[in-house]
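Chemist: Just passing along the structure, written as structure tokens.
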Amino acid sequence: MKIKHLFLNPFADFSERTLFLVGIIGFLLSSYLVYLSGQQFNGFMHFYKPEVTVSFIAVLKVHAYMVLAPLILLYIAGGIANNKTRIIDVLNVILIAPFPLYLVLFLSRLINQDKFTSEIDQALKNGDHTLSSIDKGQMVLFGLFGIFVLFLLFYQFYLLVKGMNIAVNNKKIWVSILFVALYFMLDLGIQFYF
Amino acid sequence: MKKIPVNCPCCDAKLKVSKLVCDSCDTEVVGKFTLPLLMQLTIEEQEFVLNFLKYSGSLKEMANQMGKSYPTVRNILDDLIHKLNSLADEN
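Sequence lines, in order, name chains A and B. Sequential numbering of the first sequence, starting at 1, is according to the working numbering. Sequential numbering of the second sequence, starting at 1001, is according to the working numbering.
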């Protein structure tokens, strides 16, 4: 029962301490994974490869901004919807909701997505518009990976909505849509600063 | 012990008590009596209220006992307060 709830709504059953600890571990591990892959955050759902090597502390710092910015925005929005909203509940949502994205990050490293992308890039530059030089099995694998990534992105927003609904005791669909819209717009806006 | 139905099984309207019987002398009191506010709650909600008293109103302790998170228990309480206020207004 707990396992099912773990995926469907972890915010309903687990204590704030457990959620916070797991969230912090995820935050640190994902930062380390981004650092190892030589990338940097430039949004809650975006990474880029800077020309210069970035330190682990620099990755942690930017990642911390990526947690703080939505925390402030969603805490204010949650506070307007219900003044009993606690900051720890919103923080746990912000820390736990991107877990599917961390899985994407890990899997993309595991199947070496960068290599595949550069191969596609090279093939297109060489005029191979039908991508006949790319292995078909690899194409299918990355096609399936793409579908799985879309599912995980959807799952990220599902967790965000579930978590915020519990933190704010919200039952209105339009408020849930507002939370997603605010998160999405902030993610778009923050890319101009990082 | 049988569970007292709170709503009409036909039209879902709130039921009233029409007869009270004394077990020792069989005296019967007939009339239309409104159920007390707490009796109008569901069994789960009544159990929640009892647990709330049992744990001296500590939602944290209730959350631990119920295996639920604190905000979930607080939300149940908030919804219950809202329901009790609505029932009180209706009565």
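Note that CB positions come from ideal geometry on N, CA and C, so glycine has one too.
1) Tell me whether the region 58–78 of chain A and the region 138–154 of chain A touch, counting them as touching only if at least three CB pairs, one residue from each stretch, are closer than 8 angstroms.
2) Give, in chain order, every residue of the region 4–15 of chain A whose Cβ lies closer than 7 angstroms to some Cβ of chain B.
3) Can you have a look at Val-1029(B) and say buried or exposed, based on whether 16 or more other CB atoms are within 10 angstroms of its CB?
4) Hey, is the region 127–138 of chain A in contact with the region 159–176 of chain A, meaning 3+ C-beta pairs nearer than 8 angstroms?
5) Three-state secondary structure (DSSP) at Phe-106(A)?
6) Based on Cα-Cα distance, which residue from Leu-19(A), Val-34(A) and Phe-44(A) lies nearest to Tyr-65(A)?
7) How about Asp-89(A): is its C-beta nearer than 7 angstroms to some C-beta of chain B?
8) Straight-line CA distance for Lys-125(A) to Ala-81(A)?
9) Looking at the strands, I want to know which residues DSSP matches up with Phe-47(A).
10) Using the three-state DSSP reduction, which class does Asn-1064(B) fall into: helix, strand or coil?
11) How far does the alpha helix (DSSP H) with Lys-61(A) in it reach, from first residue to last?
12) Using DSSP with H/G/I as helix, E/B as strand and the rest coil, what is Ile-9(A)?
13) Identify the contact partners of Ala-167(A) in chain B, using a Cβ-Cβ distance below 7 angstroms as the criterion.
14) Enumerate in chain order the residues of its own chain whose CB-to-CB distance from Tyr-182(A) is below 7 angstroms, with the five nearest sequence positions on each side excluded.
15) Going by beta-carbon coordinates alone, are Val-1006(B) and Gln-1040(B) separated by less than 7 angstroms?
16) Could you have a look at Ser-1018(B) and say whether DSSP puts it in helix, strand or coil?
Modeler: For this structure:
1) no
2) Phe-11, Ala-12, Asp-13, Phe-14 and Ser-15
3) Position 29 of the second sequence holds residue 1029(B). Its Cβ having fewer than 16 others within 10 Å, Val-1029(B) is exposed.
4) no
5) For the purposes of this step, residue 106(A) is identified with residue 106 of the first sequence, where counting begins at 1. Here Phe-106(A) sits in helix by DSSP.
6) As a first step, residue 65(A) is located in the first sequence; it is residue number 65 there, counting from the start. Nearest of Leu-19(A), Val-34(A) and Phe-44(A) to Tyr-65(A), Cα basis: Phe-44(A).
7) In the first sequence, residue 89(A) corresponds to position 89, counting from 1. Yes, Asp-89(A) lies at the interface with chain B (some Cβ there is under 7 angstroms from its Cβ).
8) Here residue 125(A) corresponds to residue number 125 of the first sequence, with the count starting at 1. Here residue 81(A) corresponds to residue number 81 of the first sequence, with the count starting at 1. Roughly 52 angstroms between the two C-alpha positions.
9) The sequence position of residue 47(A) within the first sequence is 47, counting from 1. Phe-47(A) is bridged to Phe-41(A).
10) The sequence position of residue 1064(B) within the second sequence is 64, counting from 1. Asn-1064(B): helix per DSSP, three-state reduction.
11) Residue numbering aside, residue 61(A) sits at position 61 when the first sequence is read from its first letter. 56–81 is the span of the alpha helix (DSSP H), which, as asked, contains Lys-61(A).
12) By one-based count along the first sequence, residue 9(A) stands at place 9. As written in the sequence, residue 9(A) is Asn, which differs from the Ile given in the question. Correct three-state label for Asn-9(A): coil.
13) By one-based count along the first sequence, residue 167(A) stands at place 167. Chain B residues near Ala-167(A): Pro-1071.
14) Within the first sequence, residue 182(A) is the residue found at index 182, counting from 1. The sequence shown places Leu at residue 182(A), not Tyr. Counting only Cβ-Cβ distances below 7 angstroms, and skipping sequence neighbours, we find Leu-73, Leu-74 and Ala-77.
15) Here residue 1006(B) refers to the residue found at position 6 of the second sequence. Here residue 1040(B) refers to the residue found at position 40 of the second sequence. The answer is yes: Cβ separation under 7 angstroms.
16) Mapped onto the second sequence, residue 1018(B) falls at position 18. Strand.
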